[in-house]
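If you read the sequence shown in the working numbering, its first letter stands for residue 125, the second for the next number, and so on.
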Amino acid sequence: MTQPQWLSVGLIIVMMGAFLWGRLRYDVVALLALLAGLALGIIPLKEAFTGFSDDIVIIVGSALILSGAVARSRLIERAMSGLSPAQSSTQVQVFVLVISVAVLSAFIKNIGALAMMLPIAYQLARKGGKSPSVFLMPMAFGSLLGGIVTLVGTSPNVIVSRVRGELTGTPFSMFDFTPVGIVIAVAGCAFLAVGYRLLPRDRRGATSLEAALDIEDYVTEARVADGSKLKDKTVADLRNLGGGEVEIVTILRAKRQIAAPLPDARLKVDDILLLRGEGDALEKVVAEGGLDLVGRDHKERVPGNGETPVERVSEAVIAPGSLLIDQTAAELNLYTHHGVNLLAISRAGERLSERLRDVRLRSGDVVLVQGGEDVLPERMVELGLLPLADRPVALGSTRRALVTGGVLALTIAALAFSLAPVPVVFFAAAVLLVAFKALPLREAYSNVDAPILLMLAALIPVSDSLRSTGATEVFATWLASVGSGLPGWASLGLILVAAMAVTPFLNNAATVLVMAPIGAGFATQLGYKPDAFLMAVAIGAACDFLTPIGHQCNTLVMGPGGYKFTDYARLGAPLSLLVIAIGVPAILIFWPLR
125 MTQPQWLSVG
135 LIIVMMGAFL
145 WGRLRYDVVA
155 LLALLAGLAL
165 GIIPLKEAFT
175 GFSDDIVIIV
185 GSALILSGAV
195 ARSRLIERAM
205 SGLSPAQSST
215 QVQVFVLVIS
225 VAVLSAFIKN
235 IGALAMMLPI
245 AYQLARKGGK
255 SPSVFLMPMA
265 FGSLLGGIVT
275 LVGTSPNVIV
285 SRVRGELTGT
295 PFSMFDFTPV
305 GIVIAVAGCA
315 FLAVGYRLLP
325 RDRRGATSLE
335 AALDIEDYVT
345 EARVADGSKL
355 KDKTVADLRN
365 LGGGEVEIVT
375 ILRAKRQIAA
385 PLPDARLKVD
395 DILLLRGEGD
405 ALEKVVAEGG
415 LDLVGRDHKE
425 RVPGNGETPV
435 ERVSEAVIAP
445 GSLLIDQTAA
455 ELNLYTHHGV
465 NLLAISRAGE
475 RLSERLRDVR
485 LRSGDVVLVQ
495 GGEDVLPERM
505 VELGLLPLAD
515 RPVALGSTRR
525 ALVTGGVLAL
535 TIAALAFSLA
545 PVPVVFFAAA
555 VLLVAFKALP
565 LREAYSNVDA
575 PILLMLAALI
585 PVSDSLRSTG
595 ATEVFATWLA
605 SVGSGLPGWA
615 SLGLILVAAM
625 AVTPFLNNAA
635 TVLVMAPIGA
645 GFATQLGYKP
655 DAFLMAVAIG
665 AACDFLTPIG
675 HQCNTLVMGP
685 GGYKFTDYAR
695 LGAPLSLLVI
705 AIGVPAILIF
715 WPLR
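Quick look at the structure:
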């Protein structure tokens, strides 16, 4: 090997060691590796920042925005709601969650699909008195299995497709991965439905700030509108819509007040309902039931330029000395004097039964307030309100589920029928969702995972140094010498295992960038077509079940699930063996070597 080749290999090894060491965050490690490559002269200056304009960065960033909009719209939760009666046992719940996240991951980037399904797992765990650890790792592995089914399910497939296009002139299409991917995904999901029992039962996730501040007893007011789905429905229907977590404290009808209404009492148009429950459950009832929050019955402010301002909902506690103490919302006339709407109140140790406007506020009350994004922080300071946390509060926000569903359907259709290049499709979807306000701009930016994008952008030229220095050809020659005496299926298995072994330390996308040229060169050396070997690289890189560091999905569930590093191998090792045993013959059937 030449000196540049040794330097390139050494840089990759040091970078892998830094990833494993874990003292520096992965994006910092990748950026330092990029600087080191420039300093060593193995990365040309003109190639240093090509990763920032790479299609992969656009696809990943746009997919995260799309996933955020779908999660905000509750489309997935609504689709899953019909399955809840069947989710009686833990095994059935695990199976439904794993299958659901796998199916979603086939069409949406797998980390986005997993993120959308996590709230449902938390809800099932809370209702069943279980630890979320029972569900989270199987779901993470299910998202990886589902991601290998289509081109857009995971980054390795996109990268492998690009490598094939460079080698043969024809990249893999949307469903070229499907035959092999479905075989592996079905077998893997079936294993996870029973294999979850291998996980330790005593794992408990770390309490997040959001969970620590979770308020379970908000009281809000909502009016039954003429077009509401709950018009002429019963109190029991409303409770069912909220999953049993929302209670009607009082119905105000004309001049009548119906306290603690019976389950068969029917709701009428213009009824004002005093609702009590956890914030997400309240929001679900208001949004899906077509109710109008009474606190929002004010016309929106329109600034001088004629644009409608972005409304924001914040959760805050009434501090000592606040102007609100011993006052009611009606007395203060909050909206007229301060431009703020009071949407809900929570008071520790007391069950409120009065209308919001008549509740005399106290120090320590938790309130949800709404106002223009440009003025709300200042108004909260004036009123003596202390924000509890910078976390999303859905109650009172507008959910444009129809817009989100339409954009999602168009995105899937455009990808399925190759109506436009993949990065253009995802970029267009992200822009349309923001333009049509299906996702507020603030949330769109927060959904873009900057560290992941920076890491990808930095790793592209770093990993490409193996190819540019000729190191990949050397490795391909070595592998060819090792595999020359092996049958074709064993050579293919060797590449699959090699990719699976590297990805825990180098990130799945980076693994493909390194291993795909090696696999293609290996196939050429042995006189085989590269397709089967590229497919093996994609599957091996996507199926990291042994550590929490090789794929973002595994990392995402580590804290909430309370898992230890070694827990992944307990469930992941047998699953990896299953993938190898099924994947090699499946690839050979659908992608012959010659």
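Glycine residues also receive a C-beta, built at the ideal position from the N, C-alpha and C atoms.
How far does the alpha helix (DSSP H) with ILE469 in it reach, from first residue to last?
First-last for ILE469: 465-470, but that is the beta strand (DSSP E), not the alpha helix (DSSP H).
Counting beta carbon pairs with one atom in the segment 577-589 and one in the segment 605-621, are three or more of them shorter than 8 Å?
With a cut-off of 8 Å, the segment 577-589 and the segment 605-621 do not count as touching, because too few Cβ pairs lie within range.
Is VAL499 near LEU466, with beta carbons less than 8 Å apart?
Note that the C-beta distance between VAL499 and LEU466 is not below 8 Å.
Short check: CB of LYS653 to CB of ARG718, under 8 Å?
Yes.
Sorted by chain position, which residues of the same chain lie with C-beta nearer than 8 Å to LEU557's C-beta, five sequence neighbours on each side aside?
Only residues of its own chain outside the window of five on either side were considered, and among them ILE189, LEU190, ALA193, VAL527, THR528, VAL531, LEU563, ALA568 have a CB closer than 8 Å to the CB of LEU557, listed in chain order.
Quick one, which of MET139, ALA317, ALA230 has its alpha-carbon nearest PHE219's?
Nearest of MET139, ALA317, ALA230 to PHE219, Cα basis: ALA317.
Once DSSP output is grouped into helix, strand and coil, what is the label at THR690?
DSSP, reduced to helix, strand and coil, places THR690 outside both helices and strands of the structure shown, so it counts as coil.
Coarse secondary structure for GLN451, derived from DSSP in three states:
Of the three classes helix, strand and coil, the one that applies to GLN451 here is coil, per DSSP.
With ARG479 as the anchor, note down where its beta strand (DSSP E) starts and where it stops.
Element bounds for ARG479: n/a, residue is neither H nor E.
Give the straight-line distance between the Cα atoms of VAL307 and GLY707, rounded to the nearest whole angstrom.
Their Cα atoms are separated by approximately 8 Å.
Am I right that ARG694 and LEU322 are in contact with their C-beta atoms under 8 Å? What's the rounded C-beta distance?
Contact between ARG694 and LEU322 is confirmed by a C-beta separation of about 5 Å, below the 8 Å threshold.
Buried or exposed: where does GLY185 fall if 16 or more other Cβ atoms within 10 Å of its Cβ makes it buried?
It counts as buried.
Please report the distance separating the alpha-carbon of ARG390 from that of GLY508.
The straight-line gap from Cα to Cα measures roughly 40 Å.
Please state whether the Cβ-Cβ distance between ALA468 and THR344 is less than 8 Å.
Yes. Within cutoff.
Range covered by the beta strand (DSSP E) that runs through PRO511
Residues 509-511.
For a test of the three-state rule: what should DSSP assign to ASP416, helix, strand or coil?
ASP416: strand per DSSP, three-state reduction.
Between the Cα of LEU447 and those of ASN457, SER438, GLU439, spot the shortest distance and give me the residue it belongs to.
Cα-wise, what sits closest to LEU447 is ASN457.
Unbroken beta strand (DSSP E) run spanning GLU371, endpoints:
Taken as a continuous stretch (DSSP letters only), the beta strand (DSSP E) holding GLU371 covers 370-377.
Hey, quick one: how far does the alpha helix (DSSP H) through VAL549 stretch, first residue to last?
Residue range 546-559 is occupied by the alpha helix (DSSP H) that includes VAL549.
Taking 7 Å as the limit between beta carbons, can you name the residues of its chain near ALA311, skipping five residues before and five after?
Around ALA311, the same chain offers LEU702, ILE706 as residues with beta carbons nearer than 7 Å, after the five sequence neighbours per side are excluded.
For ILE663, report the span of its alpha helix (DSSP H) as first-last.
In the DSSP assignment, ILE663 falls within the alpha helix (DSSP H) that extends over 655-666.
Determine the closest residue to ASP85 out of ALA633, CYS667, SER700, with distance taken between C-alpha atoms.
Any property of residue 85 remains undetermined from this structure, which presents the chain solely from 125 to 718.
Return the first residue and the last residue of the alpha helix (DSSP H) that TYR569 is part of.
For TYR569, the enclosing alpha helix (DSSP H) has its first and last residue at 565-571.
Express the C-alpha separation of ILE642 and GLU597 in angstroms, rounding to a whole number.
Straight-line Cα distance between these residues: approximately 7 Å.
Within the continuous beta strand (DSSP E) that includes VAL216, where are the two ends?
Unbroken run through VAL216 is the alpha helix (DSSP H), 214-229; no beta strand (DSSP E).
Would you kindly report the start and end of the unbroken alpha helix (DSSP H) that includes GLU290?
Its alpha helix (DSSP H) spans residues 279-292.
Closest by CA to ARG196, which one among PHE541, ILE137, GLY253, ALA237?
Measuring from the Cα of ARG196, the nearest candidate turns out to be ALA237.
Straight-line CA distance for GLY414 to GLY293?
C-alpha separation (whole angstroms): 52 Å.
Decide if the segment 542-555 is in contact with the segment 143-156; the criterion is three or more beta carbon pairs, one per stretch, under 8 Å apart.
Contact between the segment 542-555 and the segment 143-156 is absent, with fewer than three C-beta pairs closer than 8 Å.
Quick check: what's the CA-CA separation for PHE669 versus ILE182?
Cα-Cα distance, rounded: 26 Å.
From what residue to what residue does the alpha helix (DSSP H) around LEU152 run?
First, the amino acid is wrong: residue 152 is Val here, not Leu. Taken as a continuous stretch (DSSP letters only), the alpha helix (DSSP H) holding VAL152 covers 150-164.
Bridge-paired residues (DSSP) for LEU733:
The structure shown does not extend to residue 733, since the chain spans only 125 to 718, so no value can be given for it.
Taking just the CA atoms, how far does ALA595 sit from TRP130?
Each residue's Cα considered, the two are about 8 Å apart.
Note down the Cα distance separating TYR459 from ILE382, rounded to an integer number of angstroms.
For TYR459 and ILE382, the distance between alpha carbons rounds to 28 Å.
What does the Cβ neighbour count give for GLU439, buried or exposed, with the cut at 16 atoms within 10 Å?
So GLU439 ends up on the buried side.
Three-state secondary structure (DSSP) at TYR459?
When secondary structure is reduced to three states using DSSP, TYR459 falls in the helix class.
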